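Below: the structure, in structure tokens.
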Amino acid sequence: MTENWKPACDLQSLRSRAKMLSAIRHFFHQRSVLEVETPLLCSATGTDPQLDFFSSFYHCTPDNREMFLQTSPEFAMKRLLAAGSGSIFQICKAFRNGEAGRFHNPEFSILEWYRIDYTLKQLMDETAELIAELLGRSDDPAAIISYADIFEQVTGLDPLVFNQKSYAEYAKKNAIEDAILVCKDDHSMWLDFIFSFKVQPVLESKFICMVYGYPAIQSSLARVNKQNPAIADRFEVFIKGIEIGNGFFELSNVNEQEKRFEKENQFRQVKGLRVVDKDQKFLDALRSGLPDCSGIALGLDRLLMVIDDAELLNDVIAFPFDRA
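Residues in the sequence shown are numbered consecutively from 790, following our numbering.
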């Protein structure tokens, strides 16, 4: 008999998780933010080429169709926002195929919330308040820095203006030559590669750090900044150099969103990835009118790693992928 039936984490970690979830709910209930549930098994999924998904087939003749486990509850939550829910939050599972490692598990816990009429700065402030409360570090303010500033400080490169020759020379001089073959002429991939291997490790020196103003080519579901169209109204949260969350001032223009979906699908096709149908229910919600809002998703398992001072994600999950 093997020992794989046992939880991977210790019982104290289970208690820490329960305490964290209770504190999160208290935080939002105090602020009159409504807790919601949305389906994790849906008829559509996102087109983001950086994320792979799980699919399954529903059989109930004559209704036989493919369904998708959600990589995030975002689209369904925005449908609620468009229907007039007001500010909302959700604690749930999310699923991403092909992800495993120290900071990854294919099934993971996520906290996602949306604040009506919040600017990105207001959402950053609220995120900092929540994290400080959960970590018991209210006297340790988050470091806030722009993406362009930290990228240039560390690398000497301009992330907003792509110069493939300069990027390749930097890669050769800094022992990341693989980027030349992997990224080629793709500016966004170059940014991801260099940021992950060279910039993000520098953030380990700051306990909590928020990086804002990501390049517009990495705008995802965020609006492009009105004052500077080279950047998006997006920020990411890092704790001891670990990416914990990703926040946006949310895109509400349905025509722009459709163009982005189409562009991502074109990229998928070029890279030999499966092209997926656009989520028409989500697009219809945008068409009906999404109120101005800012939203963020936080990885709760990673956050618990920080709380418990754990080395591996498996140390805070009862039954990770290899024991599921």
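Yeah, the Cβ is synthetic: ideal placement off N, Cα and C, and Gly gets one too.
Being a predicted model, the structure only gives us computed values, none of them experimental.
ask   = In terms of alpha-carbon separation, which member of Gly1061, Cys798, Lys1070 and Asn853 lies closest to aspartate 1097?
value = Aspartate 1097 has its Cα closest to that of Cys798, out of Gly1061, Cys798, Lys1070 and Asn853.
ask   = Using the beta-carbon count (16 or more within 10 Å), is methionine 790 buried or exposed?
value = Counting the other Cβ atoms within 10 Å of the Cβ of methionine 790 gives fewer than 16, which makes it exposed.
ask   = Where are the alpha helix (DSSP H) runs, 4 residues long or more, that stay fully inside the stretch 878-963, in chain order?
value = Runs of the alpha helix (DSSP H) spanning 4 or more residues and lying entirely within the stretch 878-963 occur at 909-924, 936-944 and 953-962, in chain order.
ask   = Hey, quick one: how far does the alpha helix (DSSP H) through glycine 1078 stretch, first residue to last?
value = In this chain, the alpha helix (DSSP H) harbouring glycine 1078 covers 1069-1078.
Start and end residues, alpha helix (DSSP H) containing isoleucine 1033 = Taken as a continuous stretch (DSSP letters only), isoleucine 1033 belongs to no alpha helix (DSSP H), being part of the beta strand (DSSP E) at 1031-1038.
message = Given this structure, state the Cα-to-Cα distance separating proline 838 from glycine 887, to the nearest angstrom.
response = Approximately 13 angstroms between the Cα atoms of the pair.
message = Here's the rule I'm using: 16 or more other beta-carbon atoms within 10 Å means buried, otherwise exposed. How should alanine 1099 be labelled?
response = Result: buried.
key: Ordered list of beta strand (DSSP E) runs contained in the stretch 847-872, each at least 3 residues   = For the stretch 847-872, whole beta strand (DSSP E) runs of length 3 or above, ordered along the chain, are 852-858.
Distance between alanine 1086 and isoleucine 813 (C-alpha atoms, nearest Å) = Cα atoms of isoleucine 813 and alanine 1086: separation of roughly 13 angstroms, rounded to the nearest angstrom.
request  = Identify which residue in Cys849, Phe1038, Leu1075 and Leu900 has its Cα closest to the Cα of leucine 909.
outcome  = Nearest to leucine 909 by alpha-carbon distance, out of Cys849, Phe1038, Leu1075 and Leu900, is Phe1038.
task = Could you tell me whether the stretch 989-996 touches the stretch 953-966, where touching means 3 or more Cβ pairs closer than 8 angstroms?
result = Too few Cβ pairs lie closer than 8 angstroms, so no.
task = Please classify arginine 804: is it buried, with 16 or more other beta-carbons within 10 angstroms of its beta-carbon, or exposed?
result = With fewer than 16 other CB atoms across the displayed protein chains lying within 10 angstroms of its CB, arginine 804 is exposed.
task = Quick one: using the 10 Å Cβ neighbour count with 16 as the cut-off for buried, is threonine 850 buried or exposed?
result = Threonine 850 should be labelled exposed.
message = Quick check on DSSP: helix, strand or coil for arginine 1057?
response = In the structure shown, arginine 1057 adopts helical secondary structure according to DSSP, grouped into three states.
ask   = Hey, quick one: how far does the beta strand (DSSP E) through arginine 1023 stretch, first residue to last?
value = First-last of the beta strand (DSSP E) with arginine 1023: 1023-1028.
query = Taking the Cβ atom as the reference point for each residue, do isoleucine 899 and alanine 883 lie within a distance shorter than 8 angstroms?
reply = Going by C-beta atoms, isoleucine 899 is nearer than 8 angstroms to alanine 883.
key: Simplified DSSP state of serine 805, which is helix, strand or coil   = It is helical.
ask   = Considering serine 876, what are the terminal residues of the beta strand (DSSP E) in which it resides?
value = Segment: none, serine 876 is in no beta strand (DSSP E) and carries neither H nor E.
key: Collapsed DSSP secondary structure at valine 1000 in the structure displayed   = DSSP places valine 1000 in the strand class (E or B) of the three-state scheme.
query = So, using beta-carbon positions, are alanine 833 and lysine 1070 closer together than 8 angstroms?
reply = Contact: yes.
task = Could you tell me whether the Cβ atoms of glutamate 915 and serine 861 are closer together than 8 angstroms?
result = Cβ distance not < 8 angstroms, so glutamate 915 and serine 861 don't count as in contact.
inquiry  = Does phenylalanine 843 come out as helix, strand or coil in the three-state DSSP assignment?
reply    = Looking at phenylalanine 843 - three-state DSSP - the assignment turns out to be strand.
ask   = CA-CA distance, threonine 827 and leucine 912?
value = Roughly 22 angstroms separates the two Cα atoms.
ask   = From the DSSP output, which residues share a beta bridge with leucine 830?
value = Under DSSP, the beta-bridge partners assigned to leucine 830 are Leu858.
ask   = By Cβ distance below 8 angstroms, which residues in the same chain neighbour glutamate 922 in space, the five residues on each side in sequence not counted?
value = Ala812 and Phe816, listed in sequence order.
inquiry  = Is the beta carbon of valine 825 closer than 8 angstroms to that of glutamine 879?
reply    = Yes; because the gap between Cβ atoms is below 8 angstroms, this pair is in contact.
request  = Indicate whether cysteine 1082 and isoleucine 905 have their beta-carbon atoms separated by less than 8 angstroms.
outcome  = In this structure, cysteine 1082 lies near isoleucine 905, with their beta-carbon atoms less than 8 angstroms apart.
request  = Return the CA-CA distance between phenylalanine 940 and lysine 987, expressed in angstroms with no decimal places.
outcome  = Cα to Cα, the separation comes out at about 9 angstroms.
ask   = Counting contacts by CB-CB distance shorter than 8 angstroms, is aspartate 975 in contact with chain D?
value = Any reference to chain D falls outside this structure, which holds one protein chain only.
Proximal residues to phenylalanine 1056 (C-beta, below 6 angstroms), its chain only, five neighbours per side dropped = Apart from the 5 residues on each side of it in sequence, phenylalanine 1056 sits with its Cβ closer than 6 angstroms to the Cβ of Pro838 in its chain, given in chain order.
Nearest to tyrosine 936 (by Cα), restricted to the options Asp928, Gly945 and Pro930 = Residue Gly945 is the option with its Cα nearest to tyrosine 936.
Own chain residues within Cβ distance below 6 angstroms of aspartate 1104, not counting five before or after = Cβ neighbours of aspartate 1104 within its own chain (closer than 6 angstroms, five residues either side excluded): Cys798.
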